[in-house]
Every structure is written in C-alpha cells, then in structure tokens.
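To keep things clear, I will list the structure first and then write my remarks on it.
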Amino acid sequence: MSSTNVKDLVFQIAKRNIYLKYKGSILGVFWSFLNPLFLLAVYTFIFGFAFKTKWGGESLASYPIILFSGLIFHFFIIELLSSSSQLISGNANYVKKVVFPLEVLVISNFLSQIFNLLIGAALLSIAVLVTGGNIFKVIFALVIVLPPFMILTLGISYLFSSLGAFIKDITHVVNLASTLFLFVSPILFPMSVFPDVVKWIVYLNPVSLVVIEYRAIAFHVESFSVYGYAAYCTAAFVIFLLGRWVFNRLSRGFADVV
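Counted the way full-length UniProt numbering counts, the sequence shown spans residues 1 to 258.
As structure tokens, this is what we get:
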C-alpha cells in the first residue's frame, strides 16, 4: 500500500471515528463543546466558589480559565488511553486482514482525539479573548508545548493499544486512574501546594510538565524551565520509539487474541 493511500486511509478512519462518536445524537459534534464546558462549570463551582480557591496571587475570576487550560490536556489523555486500550479488540475486522497496516488504527484514533483537544483549545482561546487576556500568548504556548506532548501521547497510545489487545483489564484500570490522574497533577492546584516528598510522583503524570510549561507561557502563573522542557522532549521521543517498537513486535499476535 502506497504512502498516499495510507495517509488517505488514516484520515478516512479518523473522520469515521468522529462521526460514529456522535452518530444518532441530536446535538452531534456540539457535545464536544458541551462536555468540557459542563465539567469546567462543576470544577469552577467546587474549587473556585465553594472553596474560594485562587491561583497564587491571581484573582478568583481568573481561576476558571487557568483551570480549564489544564483540564483540556487531562480530558485528552484519558480519552486517548481509554480508546487505545480497546482499539485492537474493537477493530477485529481490520486486524484479521493480512494486508491492512495496523498502525493506521493507532494514528487515526489519535487524530480523532486531537480533534477534541483542539476544540478545547479553541474554547480556551475564546474565554481568554472575552475576558481581555492575551490570546497571542495562549496560542504561542500551545505551539510550544503541543508538539512534544503529541509525540509522547502517540507513543503511549501505541503502548496501550498493543498491551490492551492481550490484557483486557487495562480499560478498567484507565477508568479507575482517571480521577487519580486529575488530583496527582498540577491541574486543580499549583505545583507549589504539593509537598516536596511527593512532587516526583506528580511529575510522573504525563500531563504535569506540559500543563506547567503551558501556564508559564500563557498566564505566567508557573515557572518555565528550559531544562525541564528539553527533558520532556527527550522523554517524548524515547517513549514514542518504545511504544512503536512494542506495537510492531506484539502486532504479530493480535489476530490470535481478537
């Protein structure tokens, strides 16, 4: 299969995934806007108004936007891990085709999840614009942090797709870990609130550093670390290569377990 045909196939399956997700619903793709807005409202009420949470010296009104800037990355990676862990078993008709390139499934699923991330980023940009913030910094921050984050999460998607074919419990583990990922990260609170003894655990969360660096550039509520960013980029490439290698090795047995 030529590279052009593979590219077309990736985009066709990605569009199909987005269509199937909202097929039959009245609001359709509009749910991609409603879901993050609803969760944002809930977290804003609980932490912003009930507990009067502020982000450092920032005003109470700025908390929802800063919070949402972290939630969009959290929502993305949880959805990606959940869909990746069921990817092979849910596409048995493709897996059992001898000539079908199985990497297409991983990449197309990844692109369909990126679609939701970009919708969240668009909502964030609109909120910043409406509240009089600097939208250029918000967009620039996304340009800086998104490439290594995409490489990292694509590598993780390869890993979860290949392991999920053999270990069905991974899907349930992801569902249980989604709340833990949220609280063991600098999404709801600044990194400074975590004791030094547990900060290394927080940094193991794949969204922690990208959220810190993003907010450092966009809102100046965290400190941007060049060394941290360089380490993140390096780790992203390593995990990507590892994930793809594992996927290619294990893909030989996918047809036997689906």
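Here a beta-carbon is modelled for each residue, glycine too, at the ideal position from N, C-alpha and C. Bear in mind that the values here come from a model prediction, so they are computed numbers and not experimental data.
Open item on the list: Please return the same chain residues whose Cβ sits closer than 7 Å to the Cβ of F237, not counting the five positions on each side in sequence.
Closed with: As a first step, residue 237 must be located in the sequence shown, where it is residue number 237. The residues are I151.
- [ ] Name the residue from I88, T153, P195 whose alpha carbon lies nearest to the alpha carbon of G164.
- [x] Here residue 164 refers to the residue found at position 164 of the sequence shown. Taking only the C-alpha atoms, the option nearest G164 is I88.
Task: Cα-Cα separation between A61 and T131, rounded to whole angstroms - done: Counting from 1 along the sequence shown, the entry for residue 61 is found at position 61. Counting from 1 along the sequence shown, the entry for residue 131 is found at position 131. No answer about A61 holds up, because its pLDDT of 48 lies below 50 and its placement is not dependable.
- [ ] Thinking L37 and L123 are a contact (beta carbons under 8 Å), I'd like their distance in whole angstroms, please.
- [x] Indexing the sequence shown from 1 puts residue 37 at position 37. Indexing the sequence shown from 1 puts residue 123 at position 123. Correct: roughly 7 Å between the Cβ atoms.
Open item on the list: If I measure Cβ to Cβ from A127 and keep anything under 6 Å in the same chain, skipping five residues before and after, which residues do I get?
Closed with: Walking along the sequence shown from the start, residue 127 turns up at place 127. Correct list, in chain order: I65.
Task: First through last residue of the alpha helix (DSSP H) which encompasses V228 - done: Within the sequence shown, the letter at position 228 stands for residue 228. Per the sequence shown, residue 228 should be read as Gly rather than Val. First-last of the alpha helix (DSSP H) with G228: 226-250.
Open item on the list: By alpha-carbon positions, which one of D256, L20, Y63, K7 ends up nearest to G133?
Closed with: Against the sequence shown, residue 133 aligns to sequence position 133. Ranking D256, L20, Y63, K7 by CA distance to the CA of G133 puts Y63 first.
Task: Option nearest F33 by Cα separation, candidates K15, F115, G243 - done: Translated into positions along the sequence shown, residue 33 becomes position 33. The option with the nearest alpha carbon to F33 is F115.
Open item on the list: Using the three-state DSSP reduction, which class does S208 fall into: helix, strand or coil?
Closed with: For this step, residue 208 is matched to residue 208 along the sequence shown. Helix at S208.
Open item on the list: When you compare the CB positions of G243 and G155, do they come within less than 9 Å of one another, or not?
Closed with: The count along the sequence shown starts at 1 and reaches residue 243 at position 243. The count along the sequence shown starts at 1 and reaches residue 155 at position 155. Taking 9 Å as the Cβ cut-off, G243 and G155 qualify as a contacting pair.
Open item on the list: If I measure Cβ to Cβ from S178 and keep anything under 7 Å in the same chain, skipping five residues before and after, which residues do I get?
Closed with: Stepping through the sequence shown from its first residue, residue 178 is reached at position 178. The beta carbon of S178 sits closer than 7 Å to those of I78, all from its chain and outside the five residues before and after it, given in chain order.
Open item on the list: Let's test the definition: count the other Cβ atoms within 10 Å of the Cβ of F11 and tell me whether it reaches 16, buried, or not, exposed.
Closed with: The count along the sequence shown starts at 1 and reaches residue 11 at position 11. F11 should be labelled exposed.
Open item on the list: Do F254 and V42 count as a contact pair if the criterion is CB distance below 9 Å?
Closed with: On the sequence shown, residue 42 is found 42 positions in, with the first residue counted as 1. On the sequence shown, residue 254 is found 254 positions in, with the first residue counted as 1. In this structure, V42 keeps its C-beta atom at 9 Å or more from the C-beta atom of F254.
Open item on the list: At the level of alpha carbons, what is the spacing between R252 and V184?
Closed with: Counted from its first residue, the sequence shown places residue 252 at position 252. Counted from its first residue, the sequence shown places residue 184 at position 184. Whole-angstrom Cα-Cα distance: 36 Å.
- [ ] Could you give the DSSP three-state label for V104: helix, strand or coil?
- [x] Here the question's residue 104 lines up with position 104 in the sequence shown. Of the three classes helix, strand and coil, the one that applies to V104 here is helix, per DSSP.
Task: Collapsed DSSP secondary structure at F149 in the structure displayed - done: By 1-based counting over the sequence shown, the position of residue 149 is 149. If DSSP states are grouped into helix, strand and coil, F149 belongs with the helices.
- [ ] State yes or no: is the C-beta of A141 within less than 9 Å of the C-beta of A218?
- [x] As a position in the sequence shown, residue 141 is number 141, starting the count at 1. As a position in the sequence shown, residue 218 is number 218, starting the count at 1. Contact: yes.
TODO: Please list, in chain order, all residues of the same chain as S208 whose beta carbon is under 7 Å from its beta carbon, the five residues on each side excluded.
DONE: As a first step, residue 208 is located in the sequence shown; it is residue number 208 there, counting from the start. Taking C-beta separations shorter than 7 Å and ignoring five residues to either side along the sequence, the partners of S208 in its chain run S185, P186, V202, following chain order.
- [ ] Pick helix, strand or coil for K137, following the three-state DSSP scheme.
- [x] Here residue 137 refers to the residue found at position 137 of the sequence shown. DSSP places K137 in the helix class (H, G or I) of the three-state scheme.
- [ ] Locate the alpha helix (DSSP H) running through S69, then write down its first and last residues.
- [x] Your numbering for residue 69 matches position 69 in the sequence shown. Counting along the chain, the alpha helix (DSSP H) containing S69 begins and ends at 63-85.
Task: Secondary structure of S185, DSSP reduced to three states - done: Your numbering for residue 185 matches position 185 in the sequence shown. Correct three-state label for S185: coil.
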